[in-house]
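Line order of the protein sequences matches chains L and S.
If you want my numbering, it's the 1-based position in the first sequence plus 2.
If you want my numbering, it's the 1-based position in the second sequence plus 4.
Ideal Cβ positions, reconstructed from N, Cα and C, are used throughout, including at glycine.
Structure first, then comments.
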Amino acid sequence: MSSAMWIAVIICALGTLLMRVVPFLWMQRRLGSATGMNAMPQWLVILGPMMIAALLGVSIVPANPSPVSWLATAIGLSVTLLVWRRLRSLGWPVAAGVGVFGAVEVVAALV
Amino acid sequence: MSQPADHTVHANPSPLRSALQGVREAIPLLGDYIPVALSFGLVATQAGFTTWEAAAISALIYAGASQFLFVGMIAAGAPLWLVVAMTLLINVRHVVYGPNLAALLPRSRHWPWLMHGLTDQVFALALTRLPQLPEVKRFSWFVGASLLAWSVWIIGTIVGASGGEAVTDRWPLLGEIMAFALPALFLTMVAPRFTDKRWAAAMLCTIFAALGLNLAGWSNVAIPLAAACGALCFYTVTFQPRRSRP
Numbered sequence: 003m004s005s006a007m008w009i010a011v012i013i014c015a016l017g018t019l020l021m022r023v024v025p026f027l028w029m030q031r032r033l034g035s036a037t038g039m040n041a042m043p044q045w046l047v048i049l050g051p052m053m054i055a056a057l058l059g060v061s062i063v064p065a066n067p068s069p070v071s072w073l074a075t076a077i078g079l080s081v082t083l084l085v086w087r088r089l090r091s092l093g094w095p096v097a098a099g100v101g102v103f104g105a106v107e108v109v110a111a112l113v
Numbered sequence: 005m006s007q008p009a010d011h012t013v014h015a016n017p018s019p020l021r022s023a024l025q026g027v028r029e030a031i032p033l034l035g036d037y038i039p040v041a042l043s044f045g046l047v048a049t050q051a052g053f054t055t056w057e058a059a060a061i062s063a064l065i066y067a068g069a070s071q072f073l074f075v076g077m078i079a080a081g082a083p084l085w086l087v088v089a090m091t092l093l094i095n096v097r098h099v100v101y102g103p104n105l106a107a108l109l110p111r112s113r114h115w116p117w118l119m120h121g122l123t124d125q126v127f128a129l130a131l132t133r134l135p136q137l138p139e140v141k142r143f144s145w146f147v148g149a150s151l152l153a154w155s156v157w158i159i160g161t162i163v164g165a166s167g168g169e170a171v172t173d174r175w176p177l178l179g180e181i182m183a184f185a186l187p188a189l190f191l192t193m194v195a196p197r198f199t200d201k202r203w204a205a206a207m208l209c210t211i212f213a214a215l216g217l218n219l220a221g222w223s224n225v226a227i228p229l230a231a232a233c234g235a236l237c238f239y240t241v242t243f244q245p246r247r248s249r250p
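Below you can see the structure in the form of structure tokens.
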């Protein structure tokens, strides 16, 4: 990596750390006062989940788009959702989705 | 994840024991961390980063989605200022995590570096588990849980980056398959919001806008534009509560 890229990594790391620590310390200091979580701007509360949804939309597109990879994506996401509905956890739904997506891709490659 | 409250009274519980309890209770998170970390290591090396550069990104930035975006945009030749801006923009969601935990954790001079471990998953686990623990155990519990998650994330990245290439040479489909961990992870993170119609409409608007913009070749601006569309949808679309029949 070039020096410029290392600087970019460090800025991202420091920026992310500040986003984690500053609101925490700020809220710890405000505890006991009349204002609390209601002081959090609503747009900020909404933006976080929307960013994750946007990332989902972008990451859905397969690396090598083809009818098979789109089919594998649709089946993989459906299985992920079904397992999530049953377990309400993060690990197993992801593992199941990846497994089924991979199985569809491998079967299609063998046929 | 519903666990019984831990009201066992220890006059002075050992910090090591509390940390080990945090480690033990964070183990379920690894089912999520390991495949995504392996996948990140692989994607990073495919994007031209060395194993140790990928490990450094994982150790320093330590935020899964933004790391994928970082290496993806670098590989696509995006300008560095845009890469930094997008990476930080994606991580903006972290600002709401700390305030939620502030009342549950004791004051300490170590928080400025310990909060580095506050990821989506650690936040979800801590918010569930901390209220059930005696206050004296919470600090060490958080240290144990977050350190386990952080170290597994780094080790997973190294394994994915170093072993991943040899494996993908032999099984070329594996890289594509492992990368599916990312949309699967995001789906499990947005799925809980779909119980509310207003959130569901805004989420669907965001997902399809991002998908469409990416397919149209506007991948660099797809994420912020789609998120803005979703936020606009959230504020403009309202659902009337269903009236019960007399």
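Handout entry: chain L contacts from the region 89-105 of chain S (Cβ-Cβ distance under 8 Å)
Key = Within the region 89-105 of chain S, the residues whose Cβ lies closer than 8 Å to some Cβ of chain L are Thr91, Leu92, Leu93, Ile94, Asn95, Val96, Arg97, His98, Val99, Val100, Tyr101, Gly102, Pro103, Asn104, Leu105, listed in chain order.
Problem - Selection of the region 118-137 of chain S by Cβ proximity to chain L, strictly under 7 Å - result: So the list reads Met119, His120, Leu122, Gln125, given in the order they occur along the chain.
Exercise for the section: With a cut-off of 8 Å on the beta carbons, I'd call leucine 33 (chain S) and glutamine 125 (chain S) a contact; round off their distance for me. Expected result: Within the second sequence, residue 33 (chain S) is the residue found at index 29, counting from 1. Within the second sequence, residue 125 (chain S) is the residue found at index 121, counting from 1. Right, the Cβ-Cβ distance comes to about 5 Å (below 8 Å), so this counts as a contact.
Problem - Cβ-based burial, histidine 114 (chain S) [other Cβ within 10 Å; buried from 16] - result: Reading the second sequence from its first residue, position 110 is the one you call residue 114 (chain S). Exposed: under 16 other Cβ atoms inside 10 Å.
Practice task
Measuring only between beta-carbons, confirm whether alanine 111 (chain L) sits less than 8 Å from chain S.
Solution key: For the purposes of this step, residue 111 (chain L) is identified with residue 109 of the first sequence, where counting begins at 1. Yes, because at least one Cβ of chain S sits closer than 8 Å to the Cβ of alanine 111 (chain L).
Practice task
May I ask you to verify whether the region 203-212 of chain S touches the region 78-95 of chain L, counting CB pairs closer than 8 Å and requiring at least 3?
Solution key: By the Cβ criterion, the region 203-212 of chain S is not in contact with the region 78-95 of chain L, since fewer than three pairs of Cβ atoms, one from each stretch, lie closer than 8 Å.
Exercise for the section: Spatial neighbours of glycine 121 (chain S) within its chain, please: CB distance less than 6 Å, with the 5 preceding and 5 following residues excluded, ordered by chain position. Expected result: The residue labelled residue 121 (chain S) in the question sits at position 117 within the second sequence. Closer than 6 Å at the Cβ level, and outside the excluded window around glycine 121 (chain S), lie Ser150, Trp154.
Handout entry: Spatial distance of arginine 197 (chain S) from tyrosine 239 (chain S) (CA atoms)
Key = The residue labelled residue 197 (chain S) in the question sits at position 193 within the second sequence. The residue labelled residue 239 (chain S) in the question sits at position 235 within the second sequence. Taking the straight line from one Cα to the other gives about 16 Å.
Exercise for the section: Please check if any C-beta of chain L sits within less than 8 Å of the C-beta of phenylalanine 44 (chain S). Expected result: Translated into the one-based positions of the second sequence, residue 44 (chain S) becomes position 40. Taking 8 Å as the threshold, the shortest C-beta distance from phenylalanine 44 (chain S) to chain L does not fall below it.
Exercise for the section: Evaluate tryptophan 85 (chain S) with the Cβ neighbour count: other Cβ atoms within 10 Å of its Cβ, from every protein chain shown; 16 or more gives buried, anything less gives exposed. Expected result: Along the second sequence, one-based indexing puts residue 85 (chain S) at 81. Result: exposed.
Problem - alanine 231 (chain S), buried or exposed, once every other Cβ within 10 Å from all chains shown has been counted against 16 - result: Position 227 of the second sequence holds residue 231 (chain S). Taking every protein chain shown into account, the CB of alanine 231 (chain S) has 16 or more other CB atoms within 10 angstroms, so this residue is buried.
Handout entry: Assigned secondary structure, isoleucine 176 (chain L) (DSSP; H/G/I helix, E/B strand, else coil)
Key = It is not possible to answer for residue 176 (chain L), since the shown part of chain L is limited to 3 through 113.
Exercise for the section: Just mark proline 25 (chain L) as buried or exposed, buried being the case when its beta carbon has 16 or more other beta carbons within 10 Å. Expected result: Position 23 of the first sequence, counting from 1, holds the residue named residue 25 (chain L). With 16 or more other Cβ atoms within 10 Å, it is buried.
Practice task
Assess, as a yes-or-no matter, whether the region 128-142 of chain S is touched by the region 57-64 of chain L under the definition of 3 or more beta carbon pairs within less than 8 Å.
Solution key: Look at the beta carbons and you see the region 57-64 of chain L not touching the region 128-142 of chain S: under three pairs across the two are nearer than 8 Å.
Practice task
Would you mind telling me which residues of chain L sit closer than 9 Å to phenylalanine 74 (chain S), beta carbon to beta carbon, in chain order?
Solution key: Stepping through the second sequence from its first residue, residue 74 (chain S) is reached at position 70. Identification of chain L residues near phenylalanine 74 (chain S) by a Cβ-Cβ cut-off of 9 Å yields Ala10, Val11, Cys14, ordered along the chain.
Practice task
Using three-state DSSP, classify tryptophan 222 (chain S) as helix, strand or coil.
Solution key: Your numbering for residue 222 (chain S) matches position 218 in the second sequence. When secondary structure is reduced to three states using DSSP, tryptophan 222 (chain S) falls in the coil class, being assigned neither helix nor strand.
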